[in-house]
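Participant: Using this note's numbering, you'd call the opening residue of the sequence shown number 42 and step up by one each time.
Don't be surprised by glycine CBs; every beta carbon is placed ideally from N, CA and C.
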Amino acid sequence: MAGSADFDLYRPSEEHDMLRDAVRSLAEAKIAPYAAAVDEDARFPQEALEALLANDLHAVHVPEEYGGAGADALATVIVIEEVARVCASSSLIPAVNKLGSLPVILSGSEALKRKYMTPLAKGDGMFSYCLSEPDAGSDAAGMKTKAVRDGDHYVLNGVKRWITNAGESEYYTVMAVTDPAKRSKGISAFVVEKSDEGVSFGAPEKKLGIKGSPTREVYLDNVRIPADRMIGEEGTGFATAMQTLDHTRITIAAQALGIAQGALDYAKGYVKERKQFGKPIADFQGIQFMLADMAMKIEAARQLTYAAAAKSERVAAGGGEGDLTFQGAAAKCFASDVAMEVTTDAVQLLGGYGYTRDYPVERMMRDAKITQIYEGTNQVQRIVMARNLP
Ligand code: CAA
42 MAGSADFDLY RPSEEHDMLR DAVRSLAEAK IAPYAAAVDE DARFPQEALE
92 ALLANDLHAV HVPEEYGGAG ADALATVIVI EEVARVCASS SLIPAVNKLG
142 SLPVILSGSE ALKRKYMTPL AKGDGMFSYC LSEPDAGSDA AGMKTKAVRD
192 GDHYVLNGVK RWITNAGESE YYTVMAVTDP AKRSKGISAF VVEKSDEGVS
242 FGAPEKKLGI KGSPTREVYL DNVRIPADRM IGEEGTGFAT AMQTLDHTRI
292 TIAAQALGIA QGALDYAKGY VKERKQFGKP IADFQGIQFM LADMAMKIEA
342 ARQLTYAAAA KSERVAAGGG EGDLTFQGAA AKCFASDVAM EVTTDAVQLL
392 GGYGYTRDYP VERMMRDAKI TQIYEGTNQV QRIVMARNLP
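Next comes the structure, spelled out in structure tokens:
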């Protein structure tokens with residue numbers, strides 16, 4: 042798998058290009074055929090999970106020392122982008138495995154990394170990320186879930202909401218308040234397991250898009266876990282959660298990019314086939330200009346996303362570049378706005394057909410919408426960028 046030294050700034054190496062070809066073939070053969078049914082039935086994309094597991098693409102970011110593929114941030118982006126190109130729901134498997142486990146990789150003890158990264162790499166359990174709550178969305182530090190120390194254990198109580206892949210994942214990174222007087226500095230991060238007594242899940246949310254990826258509440262009712270499941274020091278959980286998002290907002294940019302590319306590719310084929318006024322509609326300049334704009338925006342989003350991924354990799358390797366926070370937010374915000382525009386235009390290009398579920402572009406448009414909302418709304422991204430101007 043592509044390693045960190047293999048690319049210069051944001052130009053993918055030959056190895057990255059080979060990875061893209063391999064993931065594209067796999068996604069078209071084993072994931073795309075089920076994408077419409079997964080959406081229609083709002084069911085977990087089991088076929089995608091199996092295909093990703095069989096090809097070791099379910100959590101490519103896990104370092105080699107824990108049995109992972111050791112993919113760099115750009116390679117991870119390429120995997121997510123190519124899966125999202127055919128099925129956004131399925132792309133949440135590699136994306137959320139990174140989001141859920143990155144707090145452990147960034148801040149966890151060696152023992153914690155070994156304990157949880159090894160099964161994740163093997164495919165024995167997925168990871169989810171539990172930050173949001175019913176009354177703490179954009180204001181993440183306003184969370185109420187509590188973790189109270191009791192001897193060599195912590196006892197967790199609270200409700201986490203909008204948790205991607207909840208119920209399917211075995212492992213959960215949970216942010217909880219350990220010192221209510223200290224706001225963000227009184228939040229700590231823990232690994233909670235699905236099998237821990239007191240963990241349960243709400244009904245799946247009925248969503249506009251990404252219907253194949255279950256979004257549920259996670260209930261923590263007197264969940265007693267060993268103190269060594271804390272990720273990093275007490276009071277560092279919020280900073281870890283934010284540092285994680287600096288890296289993983291780039292994976293949402295990748296998802297947005299993939300959705301947009303999928304919509305453009307479909308629309309490009311359609312306009313050559315569809316005839317009106319005696320010729321393919323691709324021959325009309327009005328249509329050509331729309332396609333040119335779509336491709337231009339996607340390319341700009343791709344360059345920003347890959348540059349951010351390269352930066353993420355350098356920071357993860359100890360490069361200490363200060364503006365990853367800006368780059369991650371910018372890539373996510375820009376690429377998701379592009380995905381919304383491009384998928385809406387793809388529906389327009391297909392006209393009435395585009396508005397039906399007989400064609401994939403309306404699904405892509407619905408799926409694109411979430412990329413402007415999760416891992417921080419695009420309004421939050423603009424706050425983050427404004428506070429971290431380069
Ligand atoms: N890196 C490291 N530390 C950071 C940080 C970063 N990027 N950002 C903040 N911190 C730390 C700092 O230590 C800061 O303290 P200092 O004063 O010492 O600097 C402390 O956190 C508090 O930071 P802020 O004062 O900036 O906190 P705030 O309360 O004003 O909130 C916010 C800032 C940007 C709005 C933040 O709450 C936020 O990002 N909100 C959105 C939450 C979000 O993205 N949720 C997504 C959930 S996950 C999801 O959606 C996944 C999914 O389903 C796929």
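1. When DSSP builds the beta bridges, which residues end up paired with S229?
2. Could you spell out where the alpha helix (DSSP H) holding G183 opens and where it closes?
3. Note down the Cα distance separating V421 from M406, rounded to an integer number of angstroms.
4. According to the neighbour-count rule (16 or more other Cβ atoms, all chains shown, within 10 Å of its Cβ), is P53 buried or exposed?
5. Name the one or two DSSP bridge partners that E478 has.
6. Roughly how many whole angstroms lie between the Cα atoms of A371 and L345?
7. H102 and T117: beta carbons closer than 9 Å?
8. Would you call the CB atoms of I300 and A380 closer than 9 Å?
9. Where I411 and V264 are concerned, what is the direct C-alpha to C-alpha distance, given to the nearest angstrom?
10. For N198, does the three-state DSSP call read helix, strand or coil?
11. If I121 sits next to S132, beta carbons under 8 Å apart, how far is it from one beta carbon to the other, in whole angstroms?
12. Should V127 and I134 be called a contact, given that it needs their Cβ atoms to be closer than 9 Å?
13. Below 8 Å on the Cβ atoms is my contact criterion, and I expect A342 with A304 to pass it. Report the Cβ-Cβ distance as a whole number of Å.
14. Does DSSP put N263 in a helix, a strand or coil?
15. Where does S66 land, buried or exposed, given buried means 16+ other C-beta within 10 angstroms?
16. With 16 as the cutoff for other CB atoms within 10 Å, does A222 come out buried or exposed?
17. Counting Cβ pairs closer than 8 Å, one from the region 195-212 and one from the region 133-148, do we hit at least three?
18. Is there contact here, the region 69-79 with the region 394-404, by at least three beta-carbon pairs under 8 Å?
19. Going by DSSP in three states, P74 sits in which element: helix, strand or coil?
20. Is the beta carbon of Y170 within less than 8 Å of some heavy atom of the ligand CAA?
21. Taking the alpha carbon of E56 as the point to measure from, which residue in L94, A112, E69 and G192 has its own alpha carbon closest?
22. List the endpoints of the continuous alpha helix (DSSP H) containing V240.
Facilitator: Let me lay it out:
1. On the sequence shown, residue 229 is found 188 positions in, with the first residue counted as 1. Answer is A217, bridged to S229.
2. For the purposes of this step, residue 183 is taken as the residue at position 142 of the sequence shown. Premise fails: G183 is in no alpha helix (DSSP H) and is neither H nor E.
3. Here residue 421 refers to the residue found at position 380 of the sequence shown. Here residue 406 refers to the residue found at position 365 of the sequence shown. Their Cα atoms are separated by approximately 22 Å.
4. Walking along the sequence shown from the start, residue 53 turns up at place 12. The residue is buried, with at least 16 neighbouring Cβ atoms inside 10 Å.
5. Only positions 42 to 431 of the chain appear in the structure, and residue 478 is not among them; the question remains open.
6. Stepping through the sequence shown from its first residue, residue 371 is reached at position 330. Stepping through the sequence shown from its first residue, residue 345 is reached at position 304. Each residue's alpha carbon lies about 8 Å from the other.
7. Against the sequence shown, residue 102 aligns to sequence position 61. Against the sequence shown, residue 117 aligns to sequence position 76. Closer than 9 Å, so yes.
8. In the sequence shown, the residue the question calls residue 300 occupies position 259. In the sequence shown, the residue the question calls residue 380 occupies position 339. For I300 and A380, yes; Cβs fall inside 9 Å.
9. Numbered from its first residue, the sequence shown carries residue 411 at position 370. Numbered from its first residue, the sequence shown carries residue 264 at position 223. Cα to Cα, I411 sits roughly 31 Å from V264.
10. Taking the first residue of the sequence shown as position 1, residue 198 is located at position 157. Here N198 sits in strand by DSSP.
11. Stepping through the sequence shown from its first residue, residue 121 is reached at position 80. Stepping through the sequence shown from its first residue, residue 132 is reached at position 91. That pair is a contact at about 5 Å.
12. Sequence index remark: in the sequence shown, residue 127 carries index 86 (1-based). Sequence index remark: in the sequence shown, residue 134 carries index 93 (1-based). Not in contact: V127 and I134 (Cβ atoms no closer than 9 Å).
13. Here residue 342 corresponds to residue number 301 of the sequence shown, with the count starting at 1. Here residue 304 corresponds to residue number 263 of the sequence shown, with the count starting at 1. 13 Å between Cβ atoms; not a contact.
14. Here the question's residue 263 lines up with position 222 in the sequence shown. N263 falls in the strand class under three-state DSSP.
15. As a working mapping, residue 66 is identified with position 25 in the sequence shown. Under this definition S66 is an exposed residue.
16. Here residue 222 corresponds to residue number 181 of the sequence shown, with the count starting at 1. Classification of A222: exposed, given that the 10 Å Cβ count is below 16.
17. yes
18. yes
19. What you label residue 74 is simply residue 33 of the sequence shown in a count that begins at 1. Correct three-state label for P74: helix.
20. Residue mapping note: residue 170 aligns to position 129 of the sequence shown, counting from 1. Yes - the ligand CAA has a heavy atom lying nearer than 8 Å to the Cβ of Y170.
21. On the sequence shown, position 15 is the one that residue 56 refers to. When only C-alpha atoms are compared, the closest one is A112.
22. Here residue 240 corresponds to residue number 199 of the sequence shown, with the count starting at 1. Careful: V240 lies outside any alpha helix (DSSP H), inside the beta strand (DSSP E) at V240 to F242.
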